[in-house]
Structure formats: C-alpha cells, structure tokens
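Peer 1: Numbers given in my numbering equal positions in the sequence shown, counted from 1, plus 59.
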Amino acid sequence: MTMVKLCGMRTEKDVAEAVRAGADLIGMVLTPGFRRSVPLGLAVKMVRLVPRNVITVGVFVDSPAEEVISTSRILGLGMVQFHGREDDQYMACIREALRVPVIKSFVIYDEQDIEEAERSTADYVLLDSGKGSGQTFDWSLVKPLGRRMVLAGGLTPDNVKEAVTKLRPYAVDVSSGIETGGVKDPIKMKAFV
C-alpha cells in the first residue's frame, strides 16, 4: 500500500485536519525563510497533535547538522527530509545521531537526475519537479529504482491515483496540491488520501 505524506503544515488546525484525513506521514518545513516555514515553538505544539501511528517528518534545506539534530530531538521526529545540497556524508552524520530514516529530494529533469537519485545513500529518495512548483515532471523517466521512492511534484486529488497506479511509489507527497488560496484545504486533504 502506498503511504501518504501531507506536507507543508503551518498550523495546529492543518495538522489536526491531516490526521483526520488519514495521513500516514505529516511534514513541516523547519528551515526558516520559506513560505511554509514553521517556528520551533509552534512545531512543538503541532507535533503534540500527531498520534503515534503517524510519522512526523521535518523538512530541512541546507541547515547546519547541529540544528537539524537539535530540532529533531526536541520534536521527536520520525524522519528527516532534505531539500538542499546535503551530501551522503551529511546524511550519514544525521542518521547516526538521530537513528531515524532520511529522505533526500531530487528535482527530476532527465534520466541523469534519476541516476543521481539511485546512487544516493538516503533511506528514501523523493522525486520532485521543483520546490513547490505545483507541476509534475515527466513520469516516463521513472524506472524501478530498487529502493523506496517518494513521489512528489504537482500531485493533486485529481492525479494521485494515476501516479500510484503507474509508478507504484512507496509514498506520495503533496503540499500545494491540497491548498486553496495558499491555505491547507481539509476537503482536498481528505480527497487526496
């Protein structure tokens, strides 16, 4: 069964609605400076609403390793996800310190990007069309990777079934596709799941 990650949660209400919709994983952007970034104090309140059977995922972009480790421990994250220039050595340091799975994102333009994702030492590779672009990439580029893949980029309640049927990812990841006017939409969350 494909897991569902609802990402970019910004409020306690967002998290409560994601849980109610049936998300398997709930993501929060924890690096400052992005539209969906969540300050640590609010993130603490948000994770309290997540039941034990749902995995909390902290999303980081080129954050210092010490910051990722500290934030993850405070929040009790079940996974960490990287969207910057984090390399294998960096991810190994985080994995060793936290003992949680690591997701690394790759923007897919061509077959070389798929090959780069395949070489990654991350526990999961996230294939994306770009940071919050809301567009899909060419799914025909995806071949069986022999590893757990998370599919992102332009997914919506309207196309997620096709994506799962065609690509059989370990998980699907959505943020802008479950928003209306830049705000998380409970109806779209439920429809996506």
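Note that the Cβ used here is the ideal one computed from N, Cα and C, for glycine as well.
Taking a contact to mean a Cβ-Cβ separation below 8 Å, would you say T130 touches I85 in this structure?
Peer 2: The residue labelled residue 130 in the question sits at position 71 within the sequence shown. The residue labelled residue 85 in the question sits at position 26 within the sequence shown. No, they are not a contact pair.
Peer 1: What are the complete beta strand (DSSP E) segments, minimum 3 residues, inside the stretch 121-165?
Peer 2: Counting whole runs of 3 or more residues, the stretch 121-165 contains the beta strand (DSSP E) stretches 138-141.
Peer 1: Does the beta-carbon of Y168 have 16 or more other beta-carbons within 10 angstroms, so that it is buried, or is it exposed?
Peer 2: Residue mapping note: residue 168 aligns to position 109 of the sequence shown, counting from 1. Classification for Y168: exposed.
Peer 1: Indicate the three-state DSSP secondary structure (helix, strand or coil) for K64 in the structure shown.
Peer 2: As a first step, residue 64 must be located in the sequence shown, where it is residue number 5. Here K64 sits in strand by DSSP.
Peer 1: Please classify P228: is it buried, with 16 or more other beta-carbons within 10 angstroms of its beta-carbon, or exposed?
Peer 2: Counted from its first residue, the sequence shown places residue 228 at position 169. Its Cβ being crowded by 16 or more others within 10 Å, P228 is buried.
Peer 1: State yes or no: is the C-beta of D83 within less than 8 Å of the C-beta of V63?
Peer 2: Here residue 83 is taken as the residue at index 24 of the sequence shown, counted from 1. Here residue 63 is taken as the residue at index 4 of the sequence shown, counted from 1. In this structure, V63 lies closer than 8 Å to D83 by Cβ.
Peer 1: Considering only their Cβ atoms, is the gap separating I133 from K99 smaller than 8 Å?
Peer 2: Stepping through the sequence shown from its first residue, residue 99 is reached at position 40. Stepping through the sequence shown from its first residue, residue 133 is reached at position 74. The sequence as given places Leu at residue 99; Lys does not occur at that position. Result yes, Cβ atoms of L99 and I133 sit closer than 8 Å.
Peer 1: In chain order, what residues of the same chain have a beta carbon less than 8 Å from the beta carbon of V78, not counting five sequence neighbours either side?
Peer 2: Taking the sequence shown and counting its residues from 1, the one referred to as residue 78 is at position 19. Answer for V78: I85, L108, V109, P110 and V113, listed in chain order.
Peer 1: Excluding the 5 residues preceding and the 5 following M87 in the sequence, name in chain order all residues of the same chain whose CB lies nearer than 7 Å to its CB.
Peer 2: Position 28 of the sequence shown, counted from the start, is the residue given in the question as residue 87. Hits under 7 Å: M68, V97, A102, M105, G117 and V118.
Peer 1: Can you give the Cα-Cα distance for G135 and M150, rounded to whole angstroms?
Peer 2: Counting from 1 along the sequence shown, the entry for residue 135 is found at position 76. Counting from 1 along the sequence shown, the entry for residue 150 is found at position 91. Rounded to whole angstroms, G135 to M150 spans 18 Å at the Cα level.
Peer 1: Work out the CA separation of E145 and D217 for me, nearest whole Å.
Peer 2: The residue given as residue 217 occupies position 158 in the sequence shown. The residue given as residue 145 occupies position 86 in the sequence shown. Looking at the two C-alpha atoms, the distance is approximately 32 Å.
Peer 1: Helix, strand or coil: how does DSSP classify A82 here?
Peer 2: Translated into the one-based positions of the sequence shown, residue 82 becomes position 23. If DSSP states are grouped into helix, strand and coil, A82 belongs with coil.
Peer 1: Could you give the DSSP three-state label for D73: helix, strand or coil?
Peer 2: Here the question's residue 73 lines up with position 14 in the sequence shown. Of the three classes helix, strand and coil, the one that applies to D73 here is helix, per DSSP.
Peer 1: Short check: CB of E76 to CB of M248, under 8 Å?
Peer 2: Taking the first residue of the sequence shown as 1, we reach residue 76 at position 17. Taking the first residue of the sequence shown as 1, we reach residue 248 at position 189. For E76 and M248, yes; Cβs fall inside 8 Å.
Peer 1: Scan the stretch 216-248 and note each continuous beta strand (DSSP E) run of 3 residues or more that stays entirely inside, going in chain order.
Peer 2: With a minimum length of 3 residues, the continuous beta strand (DSSP E) runs that stay inside the stretch 216-248 are 230-233.
Peer 1: Comparing alpha-carbon positions, which option in E125, V127, Q140 and M60 lies nearest C9?
Peer 2: Because the chain here runs from 60 to 252, residue 9 falls outside it and cannot be looked at.
Peer 1: Going along the chain, which residues of its own chain have a beta-carbon closer than 8 Å to the beta-carbon of P203, five neighbours each way excluded?
Peer 2: Start at 1 with the first residue of the sequence shown, and residue 203 comes out as number 144. Here the set comprises nothing.
Peer 1: Name the two residues that bound the continuous beta strand (DSSP E) containing D187.
Peer 2: Within the sequence shown, numbered from 1, the residue matching residue 187 stands at position 128. From DSSP, the beta strand (DSSP E) with D187 extends over Y183 to D187.
Peer 1: Can you check whether the CB of V219 is closer than 8 Å to the CB of V201?
Peer 2: Sequence index remark: in the sequence shown, residue 201 carries index 142 (1-based). Sequence index remark: in the sequence shown, residue 219 carries index 160 (1-based). Not in contact: V201 and V219 (Cβ atoms no closer than 8 Å).
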